[in-house]
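Student:
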Amino acid sequence: MNPYLTELRRLAAHAENRRTETGIPRVAMVQGAIPEHELAAVYDPMINVILTGSKTMTVGNRTLQYDPATYFVMSVDLPAVGSVHPSETGAPYLALSLTLEPTIVASLLADLPKPAGGELYSPGFSVAPVTDELLDAWVRMLRLMERPGDIAALAPAYERELLYRVLQGPHGWMLRDTRPLRVEALAAMAALSVSAFHRHFKAVTALSPLQYQKRIRLLHARSLLIAGEGNATSVAFGVGYESATQFSREYSRFFGMPPSKDALHISRAR
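Numbering (the working numbering), first residue to last: 9 to 278.
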């Protein structure tokens with residue numbers, strides 16, 4: 009058994025079945041069964057490492073699976089649907105995440121040699137094999153939970169090491185630009201036609217620009233409805249729909265039931 013994984017499982021053992029803060033900036037953990045509606049969301053750019061169990065992530069028509077032998081990188085904000093599973097022995101799902109801060113990534117890149125080549129248009133999420141060097145950095149980071157007085161001094165150094173390990177890995181090129189996607193700016197910079205831009209946009213997000221916008225609106229609307237921040241009509245207009253009927257139709261198609269019924273179903277299941 010990998011000693012780094014054993015140590016990380018011990019350190020993260022008190023995680024709950026929702027995002028559990030560690031006291032370390034941008035580092036969180038989660039354990040157990042996670043409600044489906046919380047796994048259908050717009051995910052922030054992050055590095056995610058599974059300690060026990062497995063996870064499936066779907067963005068558009070791309071689905072990836074990962075487990076303790078791999079780690080997950082998401083370099084842009086993406087609407088995704090996920091599902092988590094316990095291990096074959098029945099141990100609950102357990103994972104760690106580091107939310108990416110673009111300014112920190114940029115400062116680290118300034119100290120690294122520029123790669124000889126790269127991909128301008130590439131998938132914004134991917135899975136790579138985990139390494140002992142990466143897990144070792146995670147162990148030292150998580151041990152700070154037991155020494156909170158050291159967090160301010162040491163966490164920034166450990167965070168840079170985690171990012172460095174990912175940048176040196178097979179998908180490090182994904183972090184070479186963690187800025188938000190700006191449609192007009194990217195199209196103008198690349199001097200692309202509308203059709204060509206759509207192809208490249210889909211290569212990154214697995215969604216067309218329209219699908220991307222629609223997915224984000226629907227996921228945001230669902231969060232508002234579950235939180236009780238308005239009815240279906242007010243939420244529809246609040247997230248950008250001009251027709252409540254169209255909103256209800258697209259919501260039902262995506263989530264499998266009408267907005268109000270879906271929100272009620274989730275509230276009762278809690």
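By construction, the Cβ of each residue, glycine as well, lies at the ideal position given by its N, Cα and C atoms. The model shown is predicted, which means the values in this text are computed figures rather than measured ones.
Is it the case that the Cβ atoms of residue 103 and residue 57 are separated by a distance below 8 Å?
Tutor: Contact: yes.
Student: Between the region 26-45 and the region 77-87, can you find at least three pairs of beta-carbon atoms closer than 8 Å?
Tutor: Cβ pair count under 8 Å is below three, so no.
Student: Can you tell me whether residue 270 is buried or exposed? The criterion is at least 16 other CB atoms within 10 Å of its CB, across all chains shown.
Tutor: Its Cβ being crowded by 16 or more others within 10 Å, residue 270 is buried.
Student: Just to confirm, are residue 167 and residue 106 a CB contact at a threshold of 8 Å?
Tutor: For residue 167 and residue 106, yes; Cβs fall inside 8 Å.
Student: Around the Cβ of residue 261, are there at least 16 other Cβ atoms within 10 angstroms (buried) or fewer (exposed)?
Tutor: Classification of residue 261: exposed, given that the 10 Å Cβ count is below 16.
Student: Give me whichever residues DSSP pairs with residue 102 in a beta bridge.
Tutor: Its beta-bridge partners are 39 and 60.
Student: Can you tell me which of the three DSSP states residue 138 falls into?
Tutor: Residue 138 falls in the coil class under three-state DSSP.
Student: Using only alpha-carbon positions, find the residue among 76, 69, 100 and 215 that is nearest to residue 140.
Tutor: It is 76.
Student: Mind checking residue 132: buried by the 16 CB within 10 Å criterion, or exposed?
Tutor: So residue 132 counts as buried.
Student: Taking residue 96 as the reference, give the member of 238, 61 and 110 with the closest Cα.
Tutor: Among 238, 61 and 110, the Cα nearest to that of residue 96 belongs to 61.
Student: Use the C-beta contact count for residue 108: other C-beta atoms within 10 angstroms, 16 or more gives buried, fewer gives exposed.
Tutor: So residue 108 counts as buried.
Student: When you compare each of 36, 16 and 14 to residue 24 by their alpha carbons, which one comes out closest?
Tutor: If we check each option's Cα against that of residue 24, 36 comes out closest.
Student: Determine the closest residue to residue 146 out of 164, 254 and 275, with distance taken between C-alpha atoms.
Tutor: The shortest Cα separation from residue 146 among 164, 254 and 275 belongs to 164.
Student: When the distance is taken between beta carbons, is residue 120 closer than 8 Å to residue 4?
Tutor: As displayed, the chain neither begins before 9 nor continues past 278, which places residue 4 out of reach and without an answer.
Student: Helix, strand or coil: how does DSSP classify residue 29 here?
Tutor: The answer is strand: DSSP assigns residue 29 an E or B state.
Student: Where in the region 64-122 do unbroken runs of the alpha helix (DSSP H), each at least 4 residues long, occur, reported from the N-terminal end onward?
Tutor: If we require 4 residues or more, the alpha helix (DSSP H) runs fully inside the region 64-122 come out as 110-117.
Student: Measure the Cβ-Cβ separation of residue 16 and residue 150 and say whether it is below 8 Å.
Tutor: Yes, these two residues count as a Cβ contact at 8 Å.
Student: For residue 51, report the span of its beta strand (DSSP E) as first-last.
Tutor: Taken as a continuous stretch (DSSP letters only), the beta strand (DSSP E) holding residue 51 covers 48-51.
Student: For a test of the three-state rule: what should DSSP assign to residue 9, helix, strand or coil?
Tutor: Reduced to three states, the DSSP call for residue 9 is coil.
Student: Can you have a look at residue 160 and say buried or exposed, based on whether 16 or more other CB atoms are within 10 angstroms of its CB?
Tutor: Counting Cβ neighbours within 10 Å, residue 160 comes out exposed, since fewer than 16 surround it.
Student: For residue 129, which residues of its own chain have a beta-carbon under 7 Å away from its beta-carbon, when the five flanking residues on both sides are left out?
Tutor: Per-residue confidence for residue 129 stands at a pLDDT of 43, beneath the threshold of 50, marking its modelled position as unreliable; no derived number is given.
Student: Please report the straight-line C-alpha distance between residue 243 and residue 67, rounded to a whole angstrom.
Tutor: Cα to Cα, residue 243 sits roughly 24 Å from residue 67.
Student: Which parts of the region 214-250 are runs of the beta strand (DSSP E), unbroken and 3 residues or longer, counting only runs that do not cross its ends?
Tutor: As far as the region 214-250 is concerned, it has no whole beta strand (DSSP E) run of at least 3 residues.
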